[in-house]
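Protein chains in written order, with full-length UniProt numbering: chain A, 1 to 288; chain B, 1 to 288. We treat Cβ as the ideally placed atom computed from N, Cα and C, and that holds for glycine. Shown next, in structure tokens, is the structure this report addresses.
Number of protein chains: 2
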Amino acid sequence: MAEAFRAALARAAEDSQALLRERLAAHDLPVARAMEHAVTGGKGLRGFLVLEGAALHGVDRAAALRPAAGIEALHAYSLVHDDLPAMDDDELRRGRPTVHVAWDEATAILAGDALQSLAFELCADPGVGPHRADLCLSLARASGIAGMVGGQARDIMAESAAEPLDLERITELQQGKTGALIRWSAEAGPVMAGADPSAMGRYATALGLAFQIADDILDVEGDAAKMGKAVRKDAGAGKATFVSLLGLDAARARAAELVEAACDALAPYGEGAATLRDAARFVIARES
Amino acid sequence: MAEAFRAALARAAEDSQALLRERLAAHDLPVARAMEHAVTGGKGLRGFLVLEGAALHGVDRAAALRPAAGIEALHAYSLVHDDLPAMDDDELRRGRPTVHVAWDEATAILAGDALQSLAFELCADPGVGPHRADLCLSLARASGIAGMVGGQARDIMAESAAEPLDLERITELQQGKTGALIRWSAEAGPVMAGADPSAMGRYATALGLAFQIADDILDVEGDAAKMGKAVRKDAGAGKATFVSLLGLDAARARAAELVEAACDALAPYGEGAATLRDAARFVIARES
């Protein structure tokens, strides 16, 4: 069954990236090439969650592929801007040069900006169906000051704070920074179907937190070559993380509990949600 | 009647900015204060166009105020990112320090990003009515690679091009860079009403081009104190503009012709569009 998950994840990444490349091919500008670069090579976890949630609610795959590609575009924009010299100043992403290194800073700023527009263009597409406006509204909330950008801003403030964050504050930060988009992705399928998204929402909240704890563990234990990006940046910066607050063993145990909670939340879907359960197990077992 | 236009423009700016401040007040983060700073002091021309177009089509003002505030947020995001050191590197905007000067670059990047999200949040608001998804879709197109960002990217490329742009290319650049959002603003009212936006679209196309020519004239003739930003940047950078290509007198004549064309396009609305005609005359008469 883990095999089925890996195949579904790979297909989600491939199909999302193909749709994004198709949308960008017509534009004969360096910034369009930079956007293609930025969306290439992602694991596609967020797009996968959209497609799986949609399938569980009987939503047509072609319709769901638009928001799946949209959330991958939005995630890519956040990485391009995060990597800028004024932010995390990273030169490597997914084993390749970051956009501002391969092009320049102005192109990276514009590519990120246009990837955000493209995300909304895909979610607002008439082919998405009658609930496309609700998808746009929830994506705007998940990505903005109350969601992802709010989390990023808290993350930056934490770096210069007098005292390191405690567990409550770091959880709040995570729920914005990485949690909000993961939750949006899981809820998109039921939202498209006009169904109750609360089971998928509970799944995603636990999944997103487990994902962040796993990220913190990888930052300590990971292999930069496998991850395709710099590691041990948090410890070097003296930043509080789930690992620095809990210790490695307790962080691992907490992530495993959260994966169980994520799987339990899928009970209403029965065996149909087996691939989503495997996805939850994957986020703490991954090496990159 | 020009008095009525000035009053309507001031009210549009005030009401849009009040709604944006209301949405941001709940967020206790420096980036939220930076967003408020960025939306303060704008003339509100784009929001005014939304509200006037909505009024002409019988759309409730409270409903139209959301996209009016949304387009002002989106315009503000474009200015915040444009002013960054890696882009135009401006320290003054509307007579006050730019966001990256008053805060820092990271905050300016995030404030711009979250202002874009806020623009879509306002357009997707259920209070906008049954056509909110169409507003989101057209805003995504107008702001992205096929619209504003595409125009900005062409503008940057023109700076390092071997030959200055010709009139056709500079018109194409303008239609993206400033034209797309002005057109979206004018069309938003009819779109909200489910009506034909083509008369407003023709008005806005002529208006947007006149606006850019006037901007180029102001860059040559304007008073930095009145404009609240640096002037004579284009000539200094050796950039082709409507003034460098046509000369001052012909540029002024072309702008006046375009204002006439904009007014003519409003014929289907009769006397109801008098304020919009005054708006067209204003864009070439303004001193800032």
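- Interface with chain B (7 angstroms Cβ-Cβ cutoff): Glu260(A) is excluded.
- If you ignore the 5 residues before and after Gly150(B), its C-beta comes within less than 6 angstroms of the C-beta of Gly176, all in its own chain and listed in chain order.
- When Cβ-Cβ separations below 7 angstroms define contact, Gln116(A) makes contact with chain B.
- Exclusion of the five residues before and after Gly179(A) leaves Gly208 as the residues of its chain whose Cβ lies within less than 6 angstroms of its Cβ.
- For Arg254(A), the secondary structure class from DSSP, reduced to helix, strand or coil, is helix.
- For Tyr77(B), the enclosing alpha helix (DSSP H) stretches over residues Arg61 to Asp82.
- Between the alpha carbons of Glu22(B) and Leu79(B) lies a gap of roughly 21 angstroms.
- At a cut-off of 7 angstroms between beta-carbon atoms, Val149(A) makes contact with chain B.
- Among the bridge pairs identified by DSSP, Leu92(A) is matched with Pro97(A).
- Classified as buried, Gly144(B) has 16 or more neighbouring CB atoms from the shown chains inside 10 Å of its CB.
- By the C-beta density criterion, Leu167(A) is exposed, having fewer than 16 other C-beta atoms within 10 angstroms.
- The Cβ atoms of Ala188(A) and Phe120(B) lie no closer than 7 angstroms to each other.
- Of all alpha-carbon atoms in Ala158(B), Arg169(B), Ala193(B) and Ala111(B), the one lying nearest the alpha-carbon of Met87(A) is that of Ala111(B).
- Excluding the 5 residues flanking it on each side, Phe5(A) has same chain C-beta neighbours closer than 7 angstroms at Thr275, Asp278, Ala279 and Phe282, in chain order.
- With contacts defined by Cβ atoms closer than 7 angstroms, Ser16(B) and Gly47(B) form a contacting pair.
- The way I'd put it, the region 116 to 136 of chain A doesn't touch the region 92 to 106 of chain B; fewer than three beta-carbon pairs between them come closer than 8 angstroms.
- Looking at Ile109(B), Phe242(B), Arg183(B) and Asp82(B), the one whose alpha-carbon comes closest to that of Ser138(B) is Arg183(B).
- The beta carbon of Ile145(A) falls within 7 angstroms of a beta carbon belonging to chain B, placing the residue at that interface.
- Of all alpha-carbon atoms in Gly222(A), Ser185(A) and Ala8(A), the one lying nearest the alpha-carbon of Ala285(A) is that of Gly222(A).
- Val191(B) is positioned such that its CB atom lies no closer than 7 angstroms to that of Asp125(B).
- Contact note: Arg252(A) does not reach chain B at a C-beta cutoff of 9 angstroms; the least C-beta distance is about 32 angstroms.
- Of all residues in the region 154 to 188 of chain A, those with a C-beta nearer than 8 angstroms to a C-beta of chain B are Arg154, Ile156 and Met157, reading in chain order.
- Separation of Thr107(A) and Leu24(B) (C-alpha to C-alpha, rounded to the nearest whole angstrom) is 29 angstroms.
- Judged by DSSP secondary structure, Met157(A) falls within the alpha helix (DSSP H) whose first and last residues are Met148 to Glu159.
- At the C-beta level, Gly127(A) and Ala63(A) come within 7 angstroms of one another.
- Annotated three-state conformation of Arg169(B) is helix, per DSSP.
- Per DSSP, reduced to three states, the secondary structure at Leu266(B) is coil, with no helix or strand assignment.
- The alpha-carbon separation between Ala256(A) and Leu45(B) amounts to approximately 54 angstroms.
- Per DSSP, Thr205(B) is one residue of the alpha helix (DSSP H) stretching across Ser198 to Glu221.
- Residue burial is scored here from C-beta neighbours: Arg61(B) has fewer than 16 other C-beta atoms within 10 angstroms and is therefore classed as exposed.
- For Arg252(B), the closest C-alpha among the options Ala8(B), Asp216(B), Asp83(B) and Gly228(B) is that of Asp216(B).
- Under the 10 Å beta carbon count, Ser198(B) is surrounded by fewer than 16 other beta carbons and is classified as exposed.
- Spatial neighbours of Ala32(A) in its own chain (CB-CB distance under 6 angstroms, excluding positions within 5 residues in sequence) are listed in chain order as Leu24.
- When Cβ-Cβ separations below 7 angstroms define contact, Arg132(B) makes contact with chain A.
- When the alpha-carbon of Gly70(A) is set against those of Ala12(A), Gly201(A) and Lys233(A), the nearest one is in Ala12(A).
- Assignment of His57(A) by DSSP, reduced to helix, strand and coil, places it in the coil class.
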